[in-house]
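Have a look at the structure below, then the notes.
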Amino acid sequence: MHDSDKFKIPMGPQHPALKEPEGFSVALKGEKIMGVDIRLGYNHRGIEKACEERSYIQDLYLIERVCGICSHSHSTCFVQAVEEIAGISVPKRALYIRTLVAELERVHSHLLWLGVAGHEIGFDTLLMYTWRDREIVMDILAMLTGNRVNYGINIIGGVRRDIAPEQARDILKGVDTLEERTKYYIEVASEETTLIKRLSGVGVLFYDDALRLDAVGPTARASGINRDVRRDDPYAAYSEIKFDVITDMHCDVYGRTLVRVKELMEAYKIIRQCIKNMPDGPILVKAPRKIPVGEAISRYEAPRGEDVHYVKSNGGEKPDRVKIRAPTLANVQAVKCMLKDRYLADMPIVIAAIDPCFSCTDRLVAVRNAHSSNEKILSWEALRKYGIDWHKAHGIDLALVSDNFRKRMEC
Amino acid sequence: MPQENDIREDLVNKFAYLQDKIQIPRARRMSVIMDYNNFNEVFEYAFSQLKFVHFCTITGLDEGEFLSFIYHLAQDSGIMLNIKISVPKSNPVIKTITGYFAGAEIYERELVDLFGAQVEGLPAGNRYPLTDDWPKDQFPLRKDWKPSEAKGEGK
Chain A
1 MHDSDKFKIP MGPQHPALKE PEGFSVALKG EKIMGVDIRL GYNHRGIEKA CEERSYIQDL
61 YLIERVCGIC SHSHSTCFVQ AVEEIAGISV PKRALYIRTL VAELERVHSH LLWLGVAGHE
121 IGFDTLLMYT WRDREIVMDI LAMLTGNRVN YGINIIGGVR RDIAPEQARD ILKGVDTLEE
181 RTKYYIEVAS EETTLIKRLS GVGVLFYDDA LRLDAVGPTA RASGINRDVR RDDPYAAYSE
241 IKFDVITDMH CDVYGRTLVR VKELMEAYKI IRQCIKNMPD GPILVKAPRK IPVGEAISRY
301 EAPRGEDVHY VKSNGGEKPD RVKIRAPTLA NVQAVKCMLK DRYLADMPIV IAAIDPCFSC
361 TDRLVAVRNA HSSNEKILSW EALRKYGIDW HKAHGIDLAL VSDNFRKRME C
Chain B
1001 MPQENDIRED LVNKFAYLQD KIQIPRARRM SVIMDYNNFN EVFEYAFSQL KFVHFCTITG
1061 LDEGEFLSFI YHLAQDSGIM LNIKISVPKS NPVIKTITGY FAGAEIYERE LVDLFGAQVE
1121 GLPAGNRYPL TDDWPKDQFP LRKDWKPSEA KGEGK
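These protein sequence lines are chains A and B, in that order. Counting in my numbering, the first sequence runs from 1 upward without gaps. Counting in my numbering, the second sequence runs from 1001 upward without gaps.
Written as structure tokens, this is what we have:
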């Protein structure tokens, strides 16, 4: 990294657009990335230790705050492990409600990602429309749970709120609209030449590398890995629901886009089945304050991939150990592989394409010559602009696509 | 749970010392508690022959005199194999498994930082998840460590 013809670029750890700060140190030769070094841990809050000092109920709310986007994923994963140790049989209606909220969460998360991806490549029209559409699902979540994020729907033994018939009708109405919109996004993703050209061959992660690096979720499925916890290790109501696991063999950002937009269609399918087949009955059984001695490991297919929680109880009111493995930790290691020998201009979209959770503060990019005192500081915004301009100069201008897109969305 | 029973039988046939060491608490969950001296051959067999090709994570546990580590593996069928081993807290040395799963590097670094494990063969790299100035003798997930003991910037 210190050869005279290479630059070393520290990026991060702060970033204005995403959750969780991370540090990337990029070695460049000309415009090509020769290697990437990743420093994680800036957002380590000691939640696992904190869980050992709090009751199971307090932990449930704490764990829901591991992630602001997929909060239901973490709380469900944790509560499933606790219920397994305690031998609690959760009522079916509650399992259906958990599944319903899980898929609504996937819809909001994937639409959020689609917007971010559009923004990173200079296709802000896509950002505006997907985030407008996302408000439909955010309103549904707020109606069902009282909150746009951190829904607090889970409690040990079931769920906190039931679903009324008129709420079910509103959900179906919202899903109909979203489905129409998503069909158009799929059409754009499948047929729009400029978008296909911009995303194809970018951030390549081949099947073998994805396996070796244990990538998860849409990142893995877009490299042809046919894994989905919902089907392979079913939880909540998934064993009674029909859906397809979407995979793709493009192994690049384009493939990751296709997987996510098609997964939106599957999510609508699951939501409709949840509402149609939701059994009547209680939504909660009483759980003991003290959880018997035991341990359990729970898996959950979060929007970003497999979430893993391990819980060990020593028979008290507080867990002896809680271990959390969020999907981004599994996927961020594949980023090194995706960026190697690729262009700096593609870095924003490649990082965004694993749909990571970063933090909402400012990120700087310092470009410096390893053998001189010259240093140039770029903001992430400037790097993004560099990426968009670089591709414009190479014949890919997404601004030209926007007019058609706008006309279609407004009609 | 025919598949799980078959896997248990296969493991016991191959490694007699695993007799009575394998539990199946529920469908798709298997746990093995074993001596660390035999860990490598069982891990290798589970990976290459039994097709536990998906590595989920490693859980560290402080169990008094010992540090225990649970290696969570999964098959594409959804069955999980959780292999638990223990090493003395006074000399918590384990070997890296990055030869099987390159992605396990970050989980091993977590054990180094939070439990004070020494992982032989782990390539040099940034620490995770603690700060660079975190004291080298403080391991937050050990039971005798209290948040009030934290020093430096990480406090």
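The beta-carbon is built from N, C-alpha and C at its ideal position, and this holds for glycine as well.
- Identification of residues in the segment 29-51 of chain A having a C-beta nearer than 9 Å to some C-beta of chain B yields 37, 38, 39, 40, 41, 42, 43, 44, 46, 48, 49, 50, given in sequence order.
- Taking the Cα positions, residue 168(A) is about 7 Å away from residue 275(A).
- In this structure, the CA atom of residue 345(A) is about 11 Å from the CA atom of residue 339(A).
- If you check the CB distance, residue 121(A) and residue 174(A) do not come in under 7 Å.
- Residues of the segment 326-354 of chain A that bring their beta carbon within less than 7 Å of a beta carbon in chain B comprise 329, 330, 333, in sequence order.
- Contiguous beta strand (DSSP E) elements confined to the segment 1116-1153 of chain B occur at 1118-1120, taking only those with 3 or more residues.
- Comparing alpha-carbon positions, the option among 9(A), 27(A), 157(A), 44(A) lying closest to residue 75(A) turns out to be 157(A).
- Residue 138(A) and residue 148(A) have their alpha carbons spaced roughly 6 Å apart.
- Residue 1069(B) and residue 1111(B) do touch by the CB rule: their CB atoms are close to 7 Å apart, below 8 Å.
- Against chain B, a Cβ distance below 7 Å from residue 207(A) picks out nothing, because the smallest value is about 12 Å.
- CA-CA distance, residue 28(A) to residue 1146(B), rounds to 43 Å.
- For residue 319(A), the enclosing beta strand (DSSP E) has its first and last residue at 319-325.
- Here the segment 188-206 of chain A makes no contact with the segment 313-321 of chain A; the two share fewer than three CB pairs at distances below 8 Å.
- For residue 241(A), no chain B residue has a Cβ inside 7 Å of its Cβ, as the nearest lies near 16 Å away.
- One finds nothing in chain B with a Cβ atom closer than 9 Å to the Cβ of residue 63(A); even the nearest lies about 15 Å away.
- Taking 7 Å as the cut-off, the beta carbon of residue 87(A) is found no closer than this to the beta carbon of residue 216(A).
- With a threshold of 16 other beta carbon atoms within 10 Å, residue 1030(B) meets it and is buried.
- Within a 10 Å sphere around the beta-carbon of residue 1017(B) sit fewer than 16 other beta-carbons, which makes this residue exposed.
- Proximity of residue 1123(B) to chain A, defined by a Cβ-Cβ separation below 7 Å, is not satisfied.
- Close to residue 1086(B), with beta-carbon spacing below 8 Å, lies no residue of chain A; the smallest spacing is near 14 Å.
- Around the C-beta of residue 1048(B), fewer than 16 other C-beta atoms lie within 10 Å, and the residue is accordingly described as exposed.
- Assignment of residue 40(A) by DSSP, reduced to helix, strand and coil, places it in the coil class.
- Going by DSSP, residue 181(A) is part of the alpha helix (DSSP H) stretching over 165-191.
- The alpha-carbon separation between residue 150(A) and residue 192(A) amounts to approximately 36 Å.
- Between the segment 283-290 of chain A and the segment 225-233 of chain A, the count of Cβ pairs shorter than 8 Å is below three; the stretches do not touch.
- Here residue 78(A) carries a helix assignment [DSSP, helix/strand/coil].
- With contacts defined as CB atoms closer than 7 Å, residue 292(A) and residue 109(A) fail to qualify as a contacting pair.
- Residue 200(A) is classed as exposed because its beta carbon has fewer than 16 other beta carbons within 10 Å across all chains shown.
- A direct Cα-to-Cα measurement between residue 350(A) and residue 253(A) gives close to 7 Å.
- Between residue 82(A) and residue 182(A) a beta carbon distance of about 35 Å is seen, past the 8 Å cut, so the two are scored as non-contacting.
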